[in-house]
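**Q** Mind looking over this structure? Questions follow.
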Amino acid sequence: MDGNVDAIVINQEIALDNDLMLIANIKRINPDAKIFVIAEEESDKTIMYEYGADEVALIPLSPTDVSDKLLLLISKSKLLQRQNDLV
């Protein structure tokens, strides 16, 4: 581990708080961090992606679903990073 955060899970309510601008601030501090938002409504998914979320899922979600989505998100990121290192 290199000490960096690979992924962050946040809920829609926090992600939509304009005062926090959480997704934008996270991406500014750590552009490689993957952000997974758990949303309540389909209409909010587009907004979350526009804010910079890497993955958005709607509730209800089982713990297995959350785990699977996080592992896939991190795995894709690591694979792309390795491919870029080879170039």
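Our numbering applies: residue 12 is where the sequence shown begins, and numbers increase by one.
We put the beta carbon where it would ideally sit given N, CA and C, even for glycine.
1) DSSP beta-bridge partners for I21?
2) With DSSP collapsed to three states, give me the class of A35.
3) Rounded to a whole number of angstroms, what is the C-alpha to C-alpha distance between D30 and M59?
4) Under 7 Å Cβ to Cβ from K80, same chain only, skipping five residues before and after it: list those, please.
5) Mark Q94 as exposed unless 16 or more other C-beta atoms lie within 10 angstroms of its C-beta, in which case mark it buried.
6) Between the C-alpha atoms of Q92 and L84, what's the straight-line distance to the nearest angstrom?
7) Sort out for me which residues DSSP pairs E66 with in a bridge.
8) Where does D76 fall in DSSP's three states?
**A** On the basis of the supplied data:
1) Looking at the DSSP assignment, I21 forms a beta bridge with V48.
2) The three-state secondary structure of A35, taken from DSSP, is helix.
3) The straight-line gap from Cα to Cα measures roughly 15 Å.
4) Its chain contains F47, E66 and A68 as the residues whose beta carbon lies nearer than 7 Å to that of K80, once the 5 sequence neighbours on both sides are disregarded; these appear in chain order.
5) Q94 is exposed by the Cβ-count criterion.
6) The alpha-carbon atoms of Q92 and L84 are separated by roughly 12 Å.
7) Under the DSSP definition of a beta bridge, E66 partners with F47.
8) Per DSSP, reduced to three states, the secondary structure at D76 is helical.
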